[in-house]
Amino acid sequence: MAAEEVVVNMCMEVDSCTSAEVELDKAVGTVEESIVVAVRTEADSIAPAVADMAEDSSSNRRLHRRTGMLMYLMYRNVYPCWPFIIGAIALNLVAIFGMVTNLGVIWTTYCTKTLHGTANVLLALCSFFELLHQQGHLLFLYVALSGQNFISLSMAIRWCTVSLFALGGITLSMTFTGLDRLLCVLFPTFPNKVKPLPYLGVIITLCVIFSLQNVMNFYELASTMPFLMVPGTIGDLMKGDASQSLAIKSLILNTITIFLYVIVGIVISKKSVRVLNCPMRKCPV
Numbered sequence: 001m002a003a004e005e006v007v008v009n010m011c012m013e014v015d016s017c018t019s020a021e022v023e024l025d026k027a028v029g030t031v032e033e034s035i036v037v038a039v040r041t042e043a044d045s046i047a048p049a050v051a052d053m054a055e056d057s058s059s060n061r062r063l064h065r066r067t068g069m070l071m072y073l074m075y076r077n078v079y080p081c082w083p084f085i086i087g088a089i090a091l092n093l094v095a096i097f098g099m100v101t102n103l104g105v106i107w108t109t110y111c112t113k114t115l116h117g118t119a120n121v122l123l124a125l126c127s128f129f130e131l132l133h134q135q136g137h138l139l140f141l142y143v144a145l146s147g148q149n150f151i152s153l154s155m156a157i158r159w160c161t162v163s164l165f166a167l168g169g170i171t172l173s174m175t176f177t178g179l180d181r182l183l184c185v186l187f188p189t190f191p192n193k194v195k196p197l198p199y200l201g202v203i204i205t206l207c208v209i210f211s212l213q214n215v216m217n218f219y220e221l222a223s224t225m226p227f228l229m230v231p232g233t234i235g236d237l238m239k240g241d242a243s244q245s246l247a248i249k250s251l252i253l254n255t256i257t258i259f260l261y262v263i264v265g266i267v268i269s270k271k272s273v274r275v276l277n278c279p280m281r282k283c284p285v
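Numbering (our numbering), first residue to last: 1 to 285.
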């Protein structure tokens, strides 16, 4: 009898332990369910805000894609496509005029020894970048005249690599030109003391690095939208983060350039007033 009582007591203890484990599992399950419900409620509450943010950030991209797709469906099999041809010819006439004038600036600077100063060389550098950029408009003319009307974005970016490279160097070279003008105005002896080769070499190197980074951004863009069809203008390549990054950098550099030239104008005006108010015999030469 004693052995049977011991066995019964052990069974009762096991049952009580099992009941406790069941109750613990139920409690844990209840806590987990409450956590899941709370997380779902929180997610549901912020989901509209997240959706609105995503909608705002991607609305422009979707609009551009829909507009481009509509244009592609309208003109993909049209030849001759006169809107494209006339637009391409008009654009390239302006581009050719710009290329000739920029080439004239470069050639004049090269042939005239008195124009070999740092400021004139930097102006020629800016004209060189402009010349490289403007030849990119020829792609649109080729696509329009050949009857293709459209080309993939990745192919267009590869064709316009030189033009996109120069597009980054234009704004930076203009900023350095303004900085050079300011240094020459503030320090009249600067042009005579500066060593042209190291000075211009550093500026050209920085322009090249900046331009290469710009090209890399557009190549990354091409990998994200390889099958997007575009007419081939430079403006058609301005999409995504690459375009936004270039726009922000250009805005900053152009603002700095304007600020530099404003300072140059103020300094020159003050010096002019001082010279005009000075007696002729006492003015330093």
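Heads up, the beta-carbon is just placed ideally off N, CA and C, and yes, glycines get one too.
How would you label V262, buried or exposed, when you count the other beta carbons within 10 angstroms and need 16 or more for buried? exposed
Does the distance from the C-beta atom of A156 to that of L167 stay below 8 Å? no
Is DSSP giving I151 helix, strand or coil here? strand
Would you report the Cα separation of K195 and V185, rounded to the nearest angstrom? 17 Å
Whose CA, out of L132, P226, I256, lies closest to the CA of M174? I256
Around the Cβ of F129, are there at least 16 other Cβ atoms within 10 angstroms (buried) or fewer (exposed)? buried
Buried or exposed for I266, please, with buried defined as at least 16 other CB atoms from any protein chain shown within 10 angstroms of its CB. exposed
Which residue or residues does DSSP assign as beta-bridge partners of V215? None, per the DSSP bridge assignment.
Just to confirm, are V264 and R181 a CB contact at a threshold of 8 Å? yes
With DSSP as the reference, please indicate the residues paired to V230 in a beta bridge. I151
If you draw a straight line from the C-alpha of L183 to the C-alpha of F190, how long is it? 7 Å
Specify the secondary structure class of G136 as computed by DSSP and reduced to three states. helix
Could you pull out every residue in the same chain whose Cβ sits closer than 7 Å to the Cβ of L200, ignoring the five residues on either side in sequence? T118, V121
Through-space distance from K271 to T161, alpha-carbon basis: 45 Å
Classify M174 as helix, strand or coil using the three-state DSSP reduction. helix
DSSP-derived helix/strand/coil call for M225: coil
is_contact[Q148, chain B] using C-beta, thresh 8 Å: This model lacks chain B altogether, as it is built from one protein chain only.
Would you check if the region 238–257 and the region 216–226 touch, i.e. whether three or more CB-CB distances between them fall below 8 Å? yes
Exposure label - L93; buried when at least 16 CB within 10 Å: exposed
Excluding the five sequence neighbours on either side, which residues of its own chain have a C-beta within less than 6 Å of the C-beta of Q134, listed in chain order? A95, G98, M99
Classify I234: buried if its beta carbon has 16 or more other beta carbons within 10 angstroms, exposed otherwise. buried
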